[in-house]
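Student: According to our numbering, the residues represented by the sequence shown are 24 to 263, in order.
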Amino acid sequence: MTTHHLPGLFVTGTDTGVGKTYVAAMIARALKAEGRRVGVYKPAASGCDRDAHGNLTSDDARQLWEAAGRPGDLEHVCPQRFAAPLAPHLAARAEGRELDFDQLRWGLDYWRPRSDVVVVEGAGGLFSPLGDEKLNIDLALPFGFALVVVTANRLGAIHATLATVIACKTTYPEIAIAGAVVNDVTVDDQSDLSRLSNAAELRRRLKSRGVKLLPEVRHGDLLIANEVDWFALAYKQTPR
Numbered sequence: 024m025t026t027h028h029l030p031g032l033f034v035t036g037t038d039t040g041v042g043k044t045y046v047a048a049m050i051a052r053a054l055k056a057e058g059r060r061v062g063v064y065k066p067a068a069s070g071c072d073r074d075a076h077g078n079l080t081s082d083d084a085r086q087l088w089e090a091a092g093r094p095g096d097l098e099h100v101c102p103q104r105f106a107a108p109l110a111p112h113l114a115a116r117a118e119g120r121e122l123d124f125d126q127l128r129w130g131l132d133y134w135r136p137r138s139d140v141v142v143v144e145g146a147g148g149l150f151s152p153l154g155d156e157k158l159n160i161d162l163a164l165p166f167g168f169a170l171v172v173v174t175a176n177r178l179g180a181i182h183a184t185l186a187t188v189i190a191c192k193t194t195y196p197e198i199a200i201a202g203a204v205v206n207d208v209t210v211d212d213q214s215d216l217s218r219l220s221n222a223a224e225l226r227r228r229l230k231s232r233g234v235k236l237l238p239e240v241r242h243g244d245l246l247i248a249n250e251v252d253w254f255a256l257a258y259k260q261t262p263r
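1) Closer than 8 angstroms is the cut-off here; do at least three beta carbon pairs connect the stretch 186-193 with the stretch 43-62?
2) Output needed for Asp155: all residues of its chain with C-beta closer than 8 angstroms, excluding positions within five of it in sequence on either side, in chain order.
3) Under 7 angstroms Cβ to Cβ from Gln11, same chain only, skipping five residues before and after it: list those, please.
4) Measuring CB to CB, does Val46 end up less than 7 angstroms from Val143?
5) Per DSSP, Phe33 forms a beta bridge with which residues?
6) Whose C-beta lies closer than 7 angstroms to the C-beta of Ser81 among residues of the same chain, with five residues either side of it excluded?
7) Report yes if the C-beta distance between Pro165 and Ala110 is below 7 angstroms; otherwise report no.
8) Taking all protein chains shown into account, decide if Ala175 is buried (16 or more other Cβ within 10 angstroms of its Cβ) or exposed.
9) Can you give me the Cβ contacts of Val208 inside the same chain, cut-off strictly under 6 angstroms, excluding the 5 residues immediately before and after it?
10) Alpha carbon to alpha carbon, how far is His76 from Leu170? Give it in angstroms, no decimals.
11) Going by beta-carbon coordinates alone, are Ala203 and Leu236 separated by less than 7 angstroms?
12) Just the C-alpha distance for Pro136 and Gly233, rounded to the nearest angstrom, thanks.
13) Provide the residue span of the alpha helix (DSSP H) that contains Tyr45, from first to last.
14) Does DSSP put Arg104 in a helix, a strand or coil?
15) Is the beta carbon of Ala115 sitting closer than 7 angstroms to the one on Glu121?
16) Would you kindly work out how many angstroms separate the C-alpha atoms of Arg177 and Ala183, rounded to a whole number?
17) List the endpoints of the continuous beta strand (DSSP E) containing Val204.
18) If you draw a straight line from the alpha carbon of Arg218 to that of Gly119, how long is it in whole angstroms?
19) I need the straight-line Cα distance from Ile181 to Leu127, nearest angstrom please.
Right under this line is the structure:
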């Protein structure tokens with residue numbers, strides 16, 4: 024299941040509402056523009072809406088799928104979808120179901136023969152639960168993809184980003200981190216002065232921990248302004 028070392032990136036966030044899907048879609052869009060076959064995978068999603076036929080749909084999955092050029096079948100972008108806005112395993116139980124952790128892993132296999140590179144968006148933050156004992160980081164490890172850590176450009180970004188990076192390196196030191204992205208999730212109304220210094224502070228503090236700060240995402244951007252070789256970063260794999 025994990026023998027084929029497909030290049031990929033695992034996009035995670037420091038909190039809810041940091042624009043993780045938005046950044047993951049930007050990465051997929053950039054790779055597609057290079058002529059790559061881009062697979063997109065969100066192993067599980069909760070808080071999903073129902074369509075006209077009563078089927079649960081994930082807006083995040085559709086955003087990723089559209090950004091990648093509609094590869095494969097949308098159903099395989101996010102195979103496990105739940106209605107309640109809870110951690111996926113709790114949302115599943117609210118429906119009388121169980122989250123299948125094995126399916127979270129092997130769901131990626133659909134994309135292997137169809138893709139030159141895969142962008143995976145984790146369900147929540149790196150330490151968000153995927154079961155009574157499992158966390159997102161326990162899924163990131165066997166996938167072997169380098170992490171892209173997304174943080175919102177707001178007060179608290181420095182702590183949230185450093186806490187995620189340090190906890191990752193402490194829990195699974197072998198996981199590669201491609202870099203961190205500071206995302207302007209709202210229009211700058213100049214009420215939060217930390218927005219002016221967060222990127223510079225994080226660049227300095229992350230560098231001392233061997234992690235690169237990737238270009239900042241400005242509010243409303245569809246592509247990251249400064250050119251990033253996402254395909255090269257996707258080869259920065261976790262040893263398996």
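We put the beta carbon where it would ideally sit given N, CA and C, even for glycine.
Computed from a prediction, not measured in an experiment: that's the story for all the values here.
Tutor: Taking the structure as given:
1) no
2) In the sequence shown, counting from the first residue as 1, residue 155 sits at position 132. Closer than 8 angstroms at the Cβ level, and outside the excluded window around Asp155, lie His112.
3) With the chain covering 24 to 263 only, the question about residue 11 has no answer from this structure.
4) Stepping through the sequence shown from its first residue, residue 46 is reached at position 23. Stepping through the sequence shown from its first residue, residue 143 is reached at position 120. Not a contact, by the Cβ cut-off of 7 angstroms.
5) Translated into positions along the sequence shown, residue 33 becomes position 10. Answer is Val143 and Leu170, bridged to Phe33.
6) To locate residue 81, count along the sequence shown from 1; it is residue 58. Hits under 7 angstroms: Lys65, Ala68, Cys71, Cys101 and Arg104.
7) Locating residue 165 in the sequence shown gives position 142, counting from the first residue. Locating residue 110 in the sequence shown gives position 87, counting from the first residue. Taking 7 angstroms as the Cβ cut-off, Pro165 and Ala110 do not qualify as a contacting pair.
8) Taking the first residue of the sequence shown as 1, we reach residue 175 at position 152. Label assigned to Ala175: buried.
9) Taking the first residue of the sequence shown as position 1, residue 208 is located at position 185. Within the same chain, Val208 has close Cβ partners Gly42 and Ala175.
10) The residue labelled residue 170 in the question sits at position 147 within the sequence shown. The residue labelled residue 76 in the question sits at position 53 within the sequence shown. Cα-Cα distance, rounded: 36 angstroms.
11) Residue numbering aside, residue 203 sits at position 180 when the sequence shown is read from its first letter. Residue numbering aside, residue 236 sits at position 213 when the sequence shown is read from its first letter. Yes, Cβ-Cβ distance for Ala203 and Leu236 is below 7 angstroms.
12) For this step, residue 136 is matched to residue 113 along the sequence shown. For this step, residue 233 is matched to residue 210 along the sequence shown. Approximately 33 angstroms, taken between the alpha carbons.
13) Indexing the sequence shown from 1 puts residue 45 at position 22. Run containing Tyr45: Lys43 to Ala56, per the alpha helix (DSSP H) assignment.
14) Looking up residue 104 in the sequence shown gives position 81. Strand, per DSSP.
15) As a position in the sequence shown, residue 115 is number 92, starting the count at 1. As a position in the sequence shown, residue 121 is number 98, starting the count at 1. For Ala115 and Glu121, yes; Cβs fall inside 7 angstroms.
16) Numbered from its first residue, the sequence shown carries residue 177 at position 154. Numbered from its first residue, the sequence shown carries residue 183 at position 160. If you take the alpha carbons of Arg177 and Ala183, they lie about 10 angstroms apart.
17) Reading the sequence shown from its first residue, position 181 is the one you call residue 204. Residues Ile200 to Asn206.
18) Residue mapping note: residue 218 aligns to position 195 of the sequence shown, counting from 1. Residue mapping note: residue 119 aligns to position 96 of the sequence shown, counting from 1. Rounded to the nearest angstrom, the two C-alpha atoms are 43 angstroms apart.
19) Residue numbering aside, residue 181 sits at position 158 when the sequence shown is read from its first letter. Residue numbering aside, residue 127 sits at position 104 when the sequence shown is read from its first letter. Going by the C-alpha atoms only, they are around 31 angstroms apart.
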